[in-house]
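Heads up, the sequence shown is in this note's numbering, so the first residue is 1 and it goes up one at a time.
Where is the CB? At the ideal position from N, CA and C, for every residue including glycine.
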Amino acid sequence: MEFLVKDVLVLIFTELLGDLDSLHSCSLVNKTWCELAMPLLWKNSYQCPYKYKKESREKYYNVIAHFLPNNPEDPLPQNKIVLPLNKFPKGPMLEYMNYIALFTPACIEDMVKLTINDEVEDSKYKKKILERELYKLSFTKCRNVKDFHWCTKEKLTLFPNAKRIFSNLHSLKIHHEKFINSNTSLTELGKICQDLRDLDVRDCQKDTLDLALFIKIQKNLQSLCLAFDEEEGQYNLLSDVIKEKAVTLKKISIRFNVTLISPIVIPSLENIQHLVLNNICGESYRSAKWDEWEHNLSTASFPNLQYLETLYLPISIIRLIIEKSGKDISEINICLCPPGSRDYKTDNKQLIKAISIYCPKLKFLAMDIDNRNLGEMFKIFLNCTQLEKVTFSTNANSNIPSDGDELLKVMNQTVPTTLHEITFREDWIFSLEELELFIEDWKSKISSPIKFTLVFDESLWTDDHAWMAERYMEELQFVFI
Numbered sequence: 001m002e003f004l005v006k007d008v009l010v011l012i013f014t015e016l017l018g019d020l021d022s023l024h025s026c027s028l029v030n031k032t033w034c035e036l037a038m039p040l041l042w043k044n045s046y047q048c049p050y051k052y053k054k055e056s057r058e059k060y061y062n063v064i065a066h067f068l069p070n071n072p073e074d075p076l077p078q079n080k081i082v083l084p085l086n087k088f089p090k091g092p093m094l095e096y097m098n099y100i101a102l103f104t105p106a107c108i109e110d111m112v113k114l115t116i117n118d119e120v121e122d123s124k125y126k127k128k129i130l131e132r133e134l135y136k137l138s139f140t141k142c143r144n145v146k147d148f149h150w151c152t153k154e155k156l157t158l159f160p161n162a163k164r165i166f167s168n169l170h171s172l173k174i175h176h177e178k179f180i181n182s183n184t185s186l187t188e189l190g191k192i193c194q195d196l197r198d199l200d201v202r203d204c205q206k207d208t209l210d211l212a213l214f215i216k217i218q219k220n221l222q223s224l225c226l227a228f229d230e231e232e233g234q235y236n237l238l239s240d241v242i243k244e245k246a247v248t249l250k251k252i253s254i255r256f257n258v259t260l261i262s263p264i265v266i267p268s269l270e271n272i273q274h275l276v277l278n279n280i281c282g283e284s285y286r287s288a289k290w291d292e293w294e295h296n297l298s299t300a301s302f303p304n305l306q307y308l309e310t311l312y313l314p315i316s317i318i319r320l321i322i323e324k325s326g327k328d329i330s331e332i333n334i335c336l337c338p339p340g341s342r343d344y345k346t347d348n349k350q351l352i353k354a355i356s357i358y359c360p361k362l363k364f365l366a367m368d369i370d371n372r373n374l375g376e377m378f379k380i381f382l383n384c385t386q387l388e389k390v391t392f393s394t395n396a397n398s399n400i401p402s403d404g405d406e407l408l409k410v411m412n413q414t415v416p417t418t419l420h421e422i423t424f425r426e427d428w429i430f431s432l433e434e435l436e437l438f439i440e441d442w443k444s445k446i447s448s449p450i451k452f453t454l455v456f457d458e459s460l461w462t463d464d465h466a467w468m469a470e471r472y473m474e475e476l477q478f479v480f481i
């Protein structure tokens with residue numbers, strides 16, 4: 001095995017990218033295997049450091065520390081920051097930093113915290129020095145950086161190779177408040193960063209001209225996410241630029257306050273494929289602003305829409321978006337406002353009907369169901385014949401658990417054969433008789449097992465329910481969260 005052709009080994013190692021432990025074991029076979037496996041291993045490791053144990057991260061950062069400038073005149077020795085903590089006698093065997101796509105900001109933050117204890121004299125200042133040196137190292141050594149998350153107050157545009165890094169980016173995430181505090185203008189960044197496909201702006205607090213111009217200058221922007229902190233007003237500059245860039249936008253996400261964006265944008269989003277509207281901090285469904293949304297939706301069309309996610313939007317708005325789609329939606333995730341009007345039952349019923357008519361290709365559905373409309377779900381199961389996963393929750397102002405039996409009866413009559421995962425959120429109650437009938441009916445119609453996930457109070461699940469789950473464990477996989 002150790003004498004396999006190098007090209008074949010690379011193909012094998014690439015298949016092991018999902019199993020980094022096995023890939024690491026391969027790197028220990030001999031020098032050739034090590035030289036081939038290590039670039040793949042380092043490229044894909046520790047992008048999300050907190051998934052790994054502290055001891056493992058410390059070893060990883062110790063290797064990184066060997067590449068930091070460490071001459072007497074360099075910032076670290078000048079500020080009495082002694083790294084690496086465990087120095088290799090002969091230095092690193094390979095140029096590991098060249099293999100990393102990017103030493104991520106999460107890794108930098110974690111390494112700084114683990115390396116410099118808060119009790120050290122001038123720890124805050126020393127942490128800032130180390131953070132700056134790690135960003136410089138990353139900009140100098142890392143190649144082919146395509147994704148970047150700007151979450152530091154450092155003025156990164158002045159760092160070595162900043163132009164090379166930012167001019168080649170495809171994806172950029174910015175924490176707007178920290179970006180402003182770094183004294184870096186988006187106008188300045190826009191001079192070297194103009195080819196983004198994906199822009200994600202968090203903590204957006206102002207409708208600034210420089211942010212609007214930065215979005216405008218992107219030549220091939222396909223995905224835009226804006227997360228707002230403000231609760232009132234309207235962002236006309238951002239609204240206008242979204243409308244202008246709508247031709248190339250395939251994905252748009254507006255989070256926490258949808259009504260800050262003017263509804264005049266809506267008709268321009270005819271090419272959108274992925275739409276997220278999160279209004280958890282925005283105007284309530286009673287606001288007159290939604291009348292403007294309904295008016296603009298009446299002239300809109302979303303023929304390419306495939307994914308829809310909404311949070312705390314009026315049901316009438318969600319229904320109109322679905323009705324204006326091209327019947328290609330494959331995923332829907334809807335979390336409704338708590339019921340607050342007499343029309344909630346009727347609105348919820350109309351939403352169920354709209355999904356059943358306009359979403360024949362639906363594969364995943366997560367939605368709130370009014371307790372009084374459980375029987376209406378047969379329309380979705382009857383017409384959405386490609387459903388694979390469903391998640392149901394209830395949004396009624398009641399301490400009484402939802403009637404799971406009624407929903408199981410509906411599913412027994414019309415459930416599509418493609419369905420293999422059902423999740424129930426909040427409180428549902430199932431009788432033993434109806435649950436057993438559902439399982440037996442499932443066995444007779446569909447040979448494959450089904451995953452049954454319950455995310456609610458375990459007190460509603462008795463010992464008898466647990467016994468039944470054990471009895472049918474081959475047909476039904478029960479999961480409690």
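(request) Mind listing, in chain order, the continuous beta strand (DSSP E) runs of no fewer than 3 residues lying wholly within the region 340-379? (result) Taking only runs of at least 3 residues, the beta strand (DSSP E) segments lying wholly in the region 340-379 are 364-369.
(request) Sort T462, K173, P69 by Cα distance to L137 and report the nearest one. (result) Among T462, K173, P69, the Cα nearest to that of L137 is on P69.
(request) Could you check if Y125 is buried or exposed, using at least 16 other CB atoms within 10 Å of its CB as the buried criterion? (result) Y125 sits exposed, since fewer than 16 C-beta atoms from the chains shown fall within 10 Å of its C-beta.
(request) Could you check what DSSP says for K53 in three-state terms: helix, strand or coil? (result) Under the three-state reduction of DSSP, K53 is assigned to coil, being neither helix nor strand.
(request) May I ask which residues mark the beginning and end of the alpha helix (DSSP H) holding K485? (result) Within the shown structure, residues of the chain are numbered from 1 to 481, placing residue 485 beyond reach of any answer.
(message) Check for me: the beta strand (DSSP E) holding D203 runs from which residue to which?
(response) Counting along the chain, the beta strand (DSSP E) containing D203 begins and ends at 198-204.
(message) Output needed for C488: all residues of its chain with C-beta closer than 7 Å, excluding positions within five of it in sequence on either side, in chain order.
(response) Because the chain is modelled from 1 through 481, residue 488 falls outside the range shown and cannot be assessed.
(request) Pick out whichever of I81, A65, I64 has its Cα sitting closest to the Cα of P72. (result) Its Cα nearest to that of P72, the residue I81 stands out among I81, A65, I64.
(message) For a test of the three-state rule: what should DSSP assign to K128, helix, strand or coil?
(response) In the three-state reduction of the DSSP assignment, K128 falls in the helix class.
(request) Return the CA-CA distance between T310 and I429, expressed in angstroms with no decimal places. (result) Computed Cα separation, rounded: 27 Å.
(request) Determine, using beta carbons only, whether E294 and T259 come nearer to each other than 8 Å. (result) The Cβ atoms of E294 and T259 do not sit closer than 8 Å to each other.
(message) Using C-beta distances below 6 Å, list every residue in its chain close to V415, excluding the 5 sequence neighbours before and after it, in chain order.
(response) Cβ within range, chain order: F381.
(request) Have a look at P303 and S325 and give me their C-alpha separation to the nearest angstrom. (result) Computed Cα separation, rounded: 5 Å.
(request) Locate the beta strand (DSSP E) running through V455, then write down its first and last residues. (result) Per DSSP, V455 belongs to the beta strand (DSSP E) from 450-455.
(request) Have a look at L221, L336, L114 and flag the residue whose alpha-carbon is nearest the alpha-carbon of T394. (result) Taking only the C-alpha atoms, the option nearest T394 is L336.
(message) When you compare the CB positions of S268 and K243, do they come within less than 8 Å of one another, or not?
(response) Between S268 and K243, the CB-CB gap stays under 8 Å.
(message) With three or more C-beta pairs closer than 8 Å as the rule, is the region 103-116 touching the region 40-49?
(response) They touch, by the three-pair rule.
(request) Could you tell me if R202 is buried or exposed, where buried requires 16 or more neighbouring beta carbons within 10 angstroms of its beta carbon? (result) Buried.
(request) Specify, as a first and last residue, the run of the beta strand (DSSP E) that E331 falls within. (result) Counting along the chain, the unbroken beta strand (DSSP E) around E331 starts and ends at 331-335.
(request) Would you mind reading off the limits of the alpha helix (DSSP H) that contains H295? (result) Run containing H295: 289-297, per the alpha helix (DSSP H) assignment.
(request) Could you have a look at T394 and say whether DSSP puts it in helix, strand or coil? (result) Looking at T394 - three-state DSSP - the assignment turns out to be strand.
(request) Please name the residue, chosen from T385, K451, I129, that lies closest to D74 on a Cα-to-Cα basis. (result) Of T385, K451, I129, the residue nearest in Cα terms is I129.
(request) Specify, as a first and last residue, the run of the beta strand (DSSP E) that N278 falls within. (result) That run of the beta strand (DSSP E) goes 274-278.
(message) Using DSSP's beta-bridge definition, name the partner residues of L172.
(response) Looking at the DSSP assignment, L172 forms a beta bridge with F148, L199.
(message) I believe F159 touches L134 by the beta-carbon criterion, under 8 Å. Please report the beta-carbon distance rounded to the nearest angstrom.
(response) Contact annotation, F159 with L134: C-beta distance approximately 11 Å; criterion of less than 8 Å not satisfied.
(message) Does D291 pass the burial test, meaning 16 or more other C-beta atoms within 10 Å, or should it be called exposed?
(response) Classification of D291: exposed, given that the 10 Å Cβ count is below 16.
(request) Grab me the residues of E154's own chain with a C-beta within less than 8 Å of its C-beta, minus the 5 sequence neighbours each way, in chain order. (result) These residues qualify, in order along the chain: E131, R132, Y135, S182.
(message) Taking a contact to mean a Cβ-Cβ separation below 8 Å, would you say L189 touches T157 in this structure?
(response) Yes, the pair counts as a contact, with Cβ atoms nearer than the cut-off.
(message) Classify T115: buried if its beta carbon has 16 or more other beta carbons within 10 angstroms, exposed otherwise.
(response) Classification for T115: buried.
(message) Suppose you measure from the CA of D19 to the CA of E55; what does that come to, to the nearest Å?
(response) Between the alpha carbons of D19 and E55 lies a gap of roughly 19 Å.
(message) In this structure, how does DSSP classify F139 when only helix, strand and coil are distinguished?
(response) Judged by DSSP in its simplified three-state form, F139 adopts helix.
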